[in-house]
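Novice: Under full-length UniProt numbering, the first residue of the sequence shown carries the number 1, and numbering increases by one thereafter.
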Amino acid sequence: METRGLLKNYGSTKAVAGLDLKVETGQIYGFLGPNGAGKTTTCRILTTLTKPTGGQALVSGFDVVKEPSLAKKGMGLVPQHLNLDPDLTIYENLKLHGMLHGMAGDKRESRIREMLEFTDLWDRKKELAKSLSGGLKRRLMIARALLHEPRVLFLDEPTVGLDAHTRRRMWELISQSHRRGVTIFLTTHYIEEAESLCHRVGIINQGSLIAEDTPQGFLSTTGKVVVESYSDTSFLPRFFDDRKQAAEYAATRQEDTVIRASNLEDVFISLTGRGVMEEKAQAKEASSFGHGGGHSAKTAHGHGGGK
Ligand SMILES: Nc1ncnc2c1ncn2[C@@H]1O[C@H](COP(=O)(O)OP(=O)(O)OP(=O)(O)O)[C@@H](O)[C@H]1O
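Set out below in structure tokens:
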């Protein structure tokens, strides 16, 4: 999957601002960024739901604007917002999807069973979609997205609003889907999600890719250990290659310090000067349709010590 100079403007808003992206077959690629960074818009363009203003996007080698039907055949999508048919049962939701994808009867039935067993929903197949919990609805959306055997699966913030246990269950399903040979493109603002699942992570901010690496590569570049120093007025994370250097620095500080392993949130802070969740919180204040996250916002007035 590839984008070249991809652009999407909404009036004067540059939702996607010249994005060059390459996702190798067989990867789980994490597209990480704060609220409003352009993740959903990119996902929608790649899945043919939104037309770009400029540039090009290819999925499985097909141009999503010029060859949308061919591109769509090989992709599955789990959108950010639930879009099941609430008045149909679990089974009927899948049957409808299979019919819309032109799957023949026998093949469709065996694949429905396979996907419902895969997602642990077979025993509940007669339950109405509207009666399911948020976690089960998401599982059904994965079963549906994989039903027609796509080579690429797009997941747009698949675990937003789920509790920690259900989120981990979703991560298992995503990993298992990958082991079945599906390339996965996942948008997220959850740092742990990108760290736990993804082979490669692209960090997007204000419509542009600002960095791309493996999670481990990011942490090595930024510094594997962070010292947070607290004073009345400031919170100053500084990055170091190892705990010894971090401890030496911490010993020089008058205020309370915490030494901990760094994470992708720290990488984002070191790249942009602020945190993923902090931007999310700001965006939430600015708009009425933010969605629930599980983290408190950090404030980083400065950074950049050892690294
Ligand atoms: N249909 C639209 N009309 C106008 N502006 C839009 C539309 N969709 C997105 N935008 C704007 O484009 C920018 C990128 O939005 P997008 O939803 O792609 O970000 P995101 O990274 O997916 O954020 P979120 O975490 O909220 O899903 C934001 O400024 C958003 O307000």
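Ideal Cβ placement from N, Cα and C applies to all residues, glycine included.
Every value quoted in this text rests on a predicted model; they were computed, and no experiment measured them.
Is the beta carbon of ARG200 sitting closer than 8 Å to the one on GLU192?
Specialist: No. Outside cutoff.
Novice: Starting from VAL227, trace the beta strand (DSSP E) both ways and give me its first and last residue.
Specialist: That run of the beta strand (DSSP E) goes 225-230.
Novice: Sorted by chain position, which residues of the same chain lie with C-beta nearer than 6 Å to LEU58's C-beta, five sequence neighbours on each side aside?
Specialist: For LEU58, where only same-chain residues beyond five positions count, the Cβ hits under 6 Å are GLU2.
Novice: Runs of 3 residues minimum, wholly inside the region 64-96: which ones carry the beta strand (DSSP E) assignment?
Specialist: For the region 64-96, whole beta strand (DSSP E) runs of length 3 or above, ordered along the chain, are 75-78.
Novice: Check each candidate in ILE203, VAL267, ARG238 and GLY134 and name the one with the smallest Cα separation from LEU32.
Specialist: Checked all of ILE203, VAL267, ARG238 and GLY134; the closest Cα to LEU32 is ILE203.
Novice: Could you tell me how far apart the beta carbons of GLY30 and THR188 are, in whole angstroms, since I believe they sit closer than 8 Å?
Specialist: Confirmed, Cβ separation roughly 6 Å.
Novice: Contact check, ALA17 vs THR41 under 8 Å by CB: the rounded distance?
Specialist: Contact doesn't hold; Cβ gap of about 10 Å is too wide.
Novice: How long is the line joining the alpha carbons of LEU128 and GLY217, rounded to whole angstroms?
Specialist: Each residue's alpha carbon lies about 45 Å from the other.
Novice: One question on the structure: do TYR91 and LYS51 come within less than 8 Å of each other, judged by their Cβ atoms?
Specialist: Result no, Cβ atoms of TYR91 and LYS51 do not sit closer than 8 Å.
Novice: Under the rule that 16 or more other beta-carbon atoms within 10 Å means buried, what is THR25, buried or exposed?
Specialist: Exposed: under 16 other Cβ atoms inside 10 Å.
Novice: If we ignore side chains and look at the alpha-carbon of each, how far apart do PHE118 and ALA194 end up?
Specialist: Approximately 23 Å between the Cα atoms of the pair.
Novice: Applying the 10 Å Cβ sphere with the 16-neighbour rule, what's the burial state of ASP156?
Specialist: With 16 or more Cβ atoms within 10 Å of its Cβ, ASP156 is classed as buried.
Novice: Roughly how many whole angstroms lie between the Cα atoms of LEU6 and ASP123?
Specialist: Whole-angstrom Cα-Cα distance: 44 Å.
Novice: Can you tell me whether VAL267 is helix, strand or coil according to DSSP?
Specialist: Helix, per DSSP.
Novice: For ligand 1, is there any heavy atom lying closer than 7 Å to the beta carbon of ALA211?
Specialist: Checking the Cβ of ALA211 against ligand 1 gives no.
Novice: Rounded to whole angstroms, what is the Cα-Cα separation between MET170 and ILE142?
Specialist: Cα-Cα distance, rounded: 9 Å.
Novice: Kindly identify the DSSP beta-bridge partner or partners of LYS22.
Specialist: Answer is GLU2, bridged to LYS22.
Novice: Taking LEU88 as the reference, which of ALA164, LYS130, PRO34 and SER229 has the closest Cα?
Specialist: Of the candidates ALA164, LYS130, PRO34 and SER229, the one whose C-alpha sits nearest the C-alpha of LEU88 is LYS130.
Novice: In chain order, what residues of the same chain lie with their CB nearer than 7 Å to the CB of SER296, ignoring the 5 residues before and after it?
Specialist: Note on SER296: pLDDT 29, under 50, position unreliable in the model; the coordinate value appears next. Hits under 7 Å: none found.
Novice: Which residue marks the beginning of the beta strand (DSSP E) containing GLU212, and which one marks its end?
Specialist: That run of the beta strand (DSSP E) goes 208-213.
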